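J.:
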Amino acid sequence: MDESTRTHPGVDREVARITELMREARARTLRLIEPLSDEELRTQHDPLMSPIVWDLGHIAHFEELWLTRNVHGTVEFGEMPGIYNPFEHPRRVRGALDLPGRDEVVQILNEVRERVLKKLESLDLEAGDPLLRDGYVYAMVAQHEYQHNETILQTLQLKRGAPYRAPRGVALPEPALTFEPGAMVRFPGGHVPIGTDDRSVAYDNERPRHIVELAPFRIDVTPVTNAQYLEFIDDGGYARRELWSDAGWAWREADGAVSPKYWQRDGATWTARMFDHAAPVDPRRPVCHVSFHEAEAFARWAGKRLPTEFEWEAAASYDPERDTRREFPWGNDPWTPALANLDQLAFDTAPVGAYPRNVSPIGCYGMIGDVWEWTSSDFGGYPGYETFPYPEYSEAFLGTEYKVLRGGSFATRPGAIRNTFRNWDYPIRRQIFSGFRCASDD
Ligand code: AVJ
Ligand code: FE
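Take 124 as the starting number for the sequence shown in the numbering used here and just add one per residue.
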């Protein structure tokens, strides 16, 4: 035992915890890319997505920036070197960059990690620096890697050439519960706490916790299923102008969409593909790969609307009878595989009702896991929002261009999702693992 072990066992434990957090994040990244050839890693499969090797180099350089160079004080994101700076090189041009091969990028990842762990030994984690307090900056870098894992999976879902041979590691449970299609539960309204003041894992855009006054509303018990979505298609949903907003109709016309992405009509039956698995559309699963505009058109067709992100969070977290709130729909316990379909390794959504414990206080199922859920809200800053620690994560995207999605998908790592987590994307995007549930005024 050395000196520090004897005098600061708490610090030693913290170093071990952080080391394991980082190791585990990396093990998953490497597992996801293991089936891919050098060429598959380097190809730009779609203008919307980076070549996967770019994500890998970017993961390494983001880690280097925060954990070797900027563990103290303010970060200049502009220091992010050349080709891996996302603002200097938009996704659609990244295929033309001088990218490394697999061995080279893995070597960069390893080399950065060695320096990070060395630096960790010498840091004073208890000095009160808000970047280091409770290991925040390490949680942030781990979450960044988790988020790029999901980005990589979006790329692999739309990849060119042979489908991705998904390294499946988890079998999905059969549904234990069945629901009336379109069943809703009531939220009584009131003054509801939204967001968090946590500074150990939460992002700046989740803060501060504040009270939002909500009118009573109803919200779907489950995400909208393929069975319900097929009815919308069969009822001419994609052809009925009155169901779509102006922007939604313009998108539909330009894109020519007649179904969710990755669906194909085969005579009378629809086939859906998830990575290397194509099968008739499963009516029991939540609809996946729809844009905000499709979600909104469906809701209008159903005589409903999308929930605001505050309604979503209230329905996921708040117990109106006890005036208490939960970190996850099922409670405050961390995720386990029995609770919800998260963590990627099923490589698919589960039928609704497959996770009976994944239920919120008011009785909404499946709010976390399976599919991200579109909300009607723009991605704005909460009252009193303060950028921390850098403007390029949230601040650069705040405004009216992006819609908020909540709840994570099967492709989300558990450390990157909680009831207060806010994702965002353009309303036309659907290469993300996106679905929705509807709401209505009470
Ligand atoms: C939070 C998913 C919108 O991918 O653009 C990754 C996450 N930010 N690197 C994105 C992110 C910086 C971000 N989203
Ligand atoms: Fe990034």
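Where a beta carbon is used, it is the ideal one built from N, C-alpha and C, also for glycine. No experiment lies behind these values; they were computed from the predicted model shown.
Along the chain, where does the beta strand (DSSP E) that runs through Asp548 open and close?
T.: Element bounds for Asp548: 546-548.
J.: Take Arg330 as the anchor and find which of Ala338, Leu337, Arg165, Pro316 has the nearest alpha-carbon.
T.: Considering only alpha carbons, the answer is Pro316.
J.: Count the other C-beta atoms from every protein chain shown that fall within 10 angstroms of the C-beta of Arg224, then say buried if there are 16 or more, exposed otherwise.
T.: Note that residue 224 is Gly in the sequence shown, not Arg. Result: exposed.
J.: Does the distance from the CB of Trp453 to the CB of Asn481 come in under 7 Å?
T.: Yes, these two residues count as a Cβ contact at 7 Å.
J.: Across which residues does DSSP place Tyr441 in a beta bridge pair?
T.: Tyr441 pairs with Arg448.
J.: Do you know offhand how far Leu281's Cα is from Arg408's?
T.: Taking the straight line joining both Cα atoms gives about 20 Å.
J.: Run through DSSP, which three-state label would Val176 get?
T.: Of the three classes helix, strand and coil, the one that applies to Val176 here is helix, per DSSP.
J.: Would you list the residues sitting across from Met307 in a DSSP beta bridge?
T.: Bridge partners of Met307: Asp343.
J.: Under 7 Å, do Val264 and Glu186 count as touching if we go by C-beta distance?
T.: It is a contact, given that the beta carbons lie within the stated cut-off.
J.: For Ala477 and Gln387, what's the separation of their Cα atoms in angstroms?
T.: C-alpha separation (whole angstroms): 26 Å.
J.: Please identify the residue among Glu419, Leu190, Arg136, Arg332 whose C-alpha is closest to the C-alpha of Ser557.
T.: The candidate whose alpha carbon is nearest that of Ser557 is Glu419.
J.: What's the gap between the Cα of Ala473 and the Cα of Phe210?
T.: Approximately 36 Å between the Cα atoms of the pair.
J.: Rounded to a whole number of angstroms, what is the C-alpha to C-alpha distance between Ile485 and Asn455?
T.: Each residue's Cα considered, the two are about 16 Å apart.
J.: What's the gap between the Cα of Tyr549 and the Cα of Thr301?
T.: Near 33 Å, if we compare the C-alpha coordinates of Thr301 and Tyr549.
J.: So the candidates are Val475, Arg341, Ala469; which of them puts its Cα closest to the Cα of Leu429?
T.: If we check each option's Cα against that of Leu429, Arg341 comes out closest.
J.: Kindly indicate which residue of Arg449, Pro286, Lys526 has the alpha-carbon position closest to the one of Thr498.
T.: Out of Arg449, Pro286, Lys526, Lys526 has the C-alpha closest to the C-alpha of Thr498.
J.: With a CB to CB cut of under 6 Å and the five nearest residues on each side skipped, what residues in its chain are close to Val404?
T.: Here the set comprises Asn349, Trp393, Ala395.
J.: Can you round the beta-carbon distance between Ala439 and Ser500 to whole angstroms, since I take them to be within the 8 Å contact cut?
T.: In fact, because the Cβ distance is near 14 Å, the residues do not count as touching under 8 Å.
J.: For Gly309, which option in Phe502, Val344, Ser323, Leu295 has the closest C-alpha, if you only look at C-alpha atoms?
T.: It should be noted that the sequence gives Arg, not Gly, for residue 309. Nearest C-alpha to Arg309: Val344.
J.: With 16 as the cutoff for other CB atoms within 10 Å, does Thr447 come out buried or exposed?
T.: With fewer than 16 Cβ atoms within 10 Å of its Cβ, Thr447 is classed as exposed.
J.: Cβ of Asn349 versus every heavy atom of the ligand AVJ: is any distance shorter than 6 Å?
T.: Flag unset: Cβ of Asn349 not near the ligand AVJ.
J.: Cα separation between Arg256 and Lys241?
T.: Their backbone Cα atoms lie some 18 Å apart in a straight line.
J.: Between which two residues does the alpha helix (DSSP H) containing Thr142 stretch?
T.: Element bounds for Thr142: 132-156.
J.: In three-state DSSP terms, what is Met124?
T.: The predicted model places Met124 with a pLDDT of 41, which falls under 50 and marks its position as unreliable; any figure quoted below should be read in that light. Coil.
J.: Between Glu268 and Ile141, is the Cβ-Cβ spacing less than 7 Å?
T.: Contact flag unset, no.
J.: Taking the straight line between their C-alpha atoms, what separation do you get for Ala463 and Arg236?
T.: Cα to Cα, Ala463 sits roughly 31 Å from Arg236.
J.: Could you say which of Val475, Val229, Pro304, Glu518 lies nearest to Leu153 if we only look at CA atoms?
T.: For the residues Val475, Val229, Pro304, Glu518, the minimum Cα distance to Leu153 belongs to Val229.
J.: Please classify His416: does DSSP put it in a helix, a strand, or coil?
T.: Looking at His416 - three-state DSSP - the assignment turns out to be helix.
J.: Would you tell me roughly how many angstroms separate the C-alpha atoms of Cys411 and Ala534, rounded to the nearest one?
T.: Approximately 12 Å between the Cα atoms of the pair.
J.: Hey, is Asn464 close to the ligand AVJ, as in C-beta under 6 Å from one of its heavy atoms?
T.: Not so, every heavy atom of the ligand AVJ lies at least 6 Å from the Cβ.
J.: Return the CA-CA distance between Pro298 and Cys487, expressed in angstroms with no decimal places.
T.: Cα to Cα, Pro298 sits roughly 15 Å from Cys487.
J.: Taking the straight line between their C-alpha atoms, what separation do you get for Glu157 and Trp424?
T.: The alpha-carbon atoms of Glu157 and Trp424 are separated by roughly 43 Å.
J.: Given a cut-off of 7 Å on the beta-carbon distance, is the pair His314 and Asp178 in contact?
T.: No. Outside cutoff.
J.: Starting from the C-beta of Arg545, find all residues in its chain whose C-beta is less than 6 Å away, skip the five residues before and the five after it, and write them out in chain order.
T.: Counting only Cβ-Cβ distances below 6 Å, and skipping sequence neighbours, we find Asn328, Val527.
J.: Quick one: which unbroken alpha helix (DSSP H) runs of 4-plus residues sit fully inside the stretch 249-290? Chain order, please.
T.: Listed in chain order, the complete alpha helix (DSSP H) runs (minimum 4 residues) inside the stretch 249-290 are 259-280.
J.: Using only the alpha-carbon positions, how far apart do Thr543 and Ala262 sit?
T.: Approximately 16 Å between the Cα atoms of the pair.
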